[in-house]
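Trainee: I'd like to ask you about the structure that follows.
Residue numbers (my numbering): 10 to 393.
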């Protein structure tokens, strides 16, 4: 796939606020204490208006539109709709806690700015909130010392996984494992009884920890991961969580980084790592079985990422894609066996029809497809 280059940066013009004026060249105005209070009051009223509008829309949907709506969507959506969503996981849902991305990450986000999301736009977590008519969760580390939010909180951290030992090879990379994210969430002492907890994690465990003896016993490795995850889910249940959305692991062996590693010097095609994908299917099958053991009082929904992306690889046009094996952004870094996406690497123009933005992460378009398919009941199903 050809990657077109874009100029770095660009000229910017500074525009004075509309209506700004000066009475005298040498005169400056300082807002009075009363003016400051007025502005604080206005900001507070605006925020209250946003919240009131949000909840009014939810109530209208639940009690006015609901009778016809219930016949067209999965039952679990009635339990989830409009609930505040808290997110735990890895870079599939990260929104900028430890990591800060640079352009072209975020090029299609509001304002074309990097936000710590490993995408050109929104993540599957963001779009899931939108599909659920919920506010988009805010990054935990962006909330200040009080760590409070009425819009849901995103604790996800790129690079880490289910196991505490899972970390990227670079010793300079900082991230929070699932157990650390759990501690962050539970330390806030929130009322979680009406919240949805969305968890998308596990791919990094197979990318960074599935080697040596672990790779020799894929079934045993899957058992260890599922046991760790189930322990975390039970802790959340004990603290009041009754709504779970659990994403399984997609075919990580087919990401561009992996395809590049499996190709040979003279090869024109880049094959998936079939052994890795086979090991991941063991984890997904075991996870599905174990989720059935959670208390029946909870609404447990499993998202089948593996099914969705396998389907996209088999029939890209059906989902609106024409590039599924290559990345949109990145040049190959042979020292680290991965594509590096940055301002120097350039990025593709046709991101609407490309599955992967960089060597490991999907585009805004792909993330939107995931959320739509999930909340339409196509790839997300309640565990009964």
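Built from N, CA and C at the ideal position, the CB exists for glycine as well. Quick caveat: nothing in here was measured; it's all calculated off a predicted structure.
Label residue 122 either buried or exposed according to how many other C-beta atoms from any shown protein chain fall within 10 Å of its C-beta, with 16 as the threshold for buried.
Mentor: Counting Cβ neighbours within 10 Å, residue 122 comes out exposed, since fewer than 16 surround it.
Trainee: Closest to residue 95 by CA distance: which of 119, 114 and 159 is it?
Mentor: Here the closest residue by C-alpha is 159.
Trainee: Classify residue 191: buried if its beta carbon has 16 or more other beta carbons within 10 angstroms, exposed otherwise.
Mentor: Residue 191 comes out buried.
Trainee: Between which two residues does the alpha helix (DSSP H) containing residue 298 stretch?
Mentor: Start and end: 283–300.
Trainee: If you draw a straight line from the alpha carbon of residue 74 to that of residue 209, how long is it in whole angstroms?
Mentor: Unreliable positioning characterises residue 74 in this predicted model, as indicated by a pLDDT of 47, which lies under 50. A coordinate reading is not provided.
Trainee: Could you tell me the alpha carbon to alpha carbon distance between residue 315 and residue 260, rounded to whole angstroms?
Mentor: Going by the C-alpha atoms only, they are around 6 Å apart.
Trainee: Within 10 angstroms of its Cβ, does residue 342 collect 16 or more other Cβ (buried), or is it exposed?
Mentor: When all chains shown are included, residue 342 counts as exposed.
Trainee: Output the boundary residues of the alpha helix (DSSP H) element that contains residue 383.
Mentor: Taken as a continuous stretch (DSSP letters only), the alpha helix (DSSP H) holding residue 383 covers 373–384.
Trainee: Could you check the C-alpha separation between residue 388 and residue 126 for me, to the nearest Å?
Mentor: Going from the Cα of residue 388 to the Cα of residue 126 covers about 23 Å.
Trainee: Is it buried or exposed, residue 304, if we count other Cβ atoms within 10 angstroms and call 16 or more buried?
Mentor: Per the 10 Å Cβ criterion, exposed.
Trainee: Would you kindly work out how many angstroms separate the C-alpha atoms of residue 374 and residue 361, rounded to a whole number?
Mentor: Their backbone Cα atoms lie some 6 Å apart in a straight line.
Trainee: Check for me: the alpha helix (DSSP H) holding residue 134 runs from which residue to which?
Mentor: Element bounds for residue 134: 133–140.
Trainee: Specify the secondary structure class of residue 231 as computed by DSSP and reduced to three states.
Mentor: Three-state result, residue 231: helix.
Trainee: Within 10 Å of its beta-carbon, does residue 267 have 16 or more other beta-carbons around it, so buried, or fewer, so exposed?
Mentor: It is buried - the Cβ of residue 267 has at least 16 other Cβ atoms within 10 Å.
Trainee: Taking the alpha carbon of residue 88 as the reference point, which residue from 319, 134 and 251 has its own alpha carbon closest?
Mentor: For the residues 319, 134 and 251, the minimum Cα distance to residue 88 belongs to 251.
Trainee: Could you give the first and the last residue of the continuous alpha helix (DSSP H) run that contains residue 256?
Mentor: First-last for residue 256: 252–256, but that is the beta strand (DSSP E), not the alpha helix (DSSP H).
Trainee: Going by beta carbon distance, what residues of the same chain come within less than 7 Å of residue 173, once the five residues before and after it are set aside?
Mentor: The residues are 186 and 188.
Trainee: Taking 9 Å as the threshold (C-beta atoms), are residue 99 and residue 211 in contact?
Mentor: Cβ atoms of residue 211 and residue 99: closer than 9 Å.
Trainee: Looking only at its chain, what residues have a beta carbon closer than 6 Å to the beta carbon of residue 213, apart from the 5 residues adjacent to it on each side?
Mentor: Excluding positions up to five away in sequence, the list reads 99, 170 and 175.
Trainee: For residue 147, collect the residues of the same chain with a Cβ closer than 8 Å to its Cβ; drop the 5 residues on either side in sequence, then sort them by chain order.
Mentor: Taken in chain order, the residues that qualify are 104, 158, 160, 161, 162 and 163.
Trainee: Have a look at 340, 353 and 258 and flag the residue whose alpha-carbon is nearest the alpha-carbon of residue 101.
Mentor: Per the Cα distances, 258.
Trainee: Rounded to a whole number of angstroms, what is the C-alpha to C-alpha distance between residue 336 and residue 364?
Mentor: The straight-line gap from Cα to Cα measures roughly 8 Å.
Trainee: In the DSSP assignment, find the unbroken alpha helix (DSSP H) run with residue 88 in it and report its ends.
Mentor: Unbroken alpha helix (DSSP H) run through residue 88: 85–89.
Trainee: Let me know the secondary structure DSSP gives residue 207 once reduced to three states.
Mentor: Strand at residue 207.
Trainee: Using a Cβ-Cβ cut-off of 8 Å (strictly less than) and excluding sequence neighbours within five positions of residue 111, which residues of its own chain qualify?
Mentor: So the qualifying residues of the chain are 123, 351 and 352.
Trainee: Which residue wins for smallest C-alpha separation from residue 382, given the options 118, 233, 141 and 114?
Mentor: Comparing Cα positions, the closest option is 141.
Trainee: Bridge partners for residue 167 per DSSP, in chain order?
Mentor: According to DSSP, which records beta bridges pairwise, residue 167 is partnered with nothing at all.
Trainee: If residue 106 and residue 149 are in contact, beta carbons under 8 Å, what's the gap, nearest whole angstrom?
Mentor: Going by Cβ atoms, the distance from residue 106 to residue 149 rounds to 6 Å, so yes, they are a contact pair.
Trainee: Near residue 255, which residues of its chain fall below 6 Å by C-beta distance, leaving aside the five closest residues on each side in sequence?
Mentor: Once the five neighbours on either side are set aside, the close Cβ partners of residue 255 are 208 and 311.
Trainee: Considering only the alpha carbon of each residue, which of 204, 201 and 233 lies closest to residue 215?
Mentor: If we check each option's Cα against that of residue 215, 233 comes out closest.
Trainee: Based on Cα-Cα distance, which residue from 90, 131 and 82 lies nearest to residue 370?
Mentor: Checked all of 90, 131 and 82; the closest Cα to residue 370 is 131.
Trainee: With distances taken Cα to Cα, identify the nearest neighbour of residue 116 among 97, 145, 199 and 338.
Mentor: Closest option to residue 116, Cα to Cα, is 338.
Trainee: Would you tell me roughly how many angstroms separate the C-alpha atoms of residue 9 and residue 249, rounded to the nearest one?
Mentor: Nothing in the structure corresponds to residue 9, since the chain is present only between 10 and 393.
Trainee: Report buried or exposed for residue 119, applying the criterion of at least 16 other Cβ atoms within 10 angstroms of its Cβ.
Mentor: Residue 119 comes out exposed.
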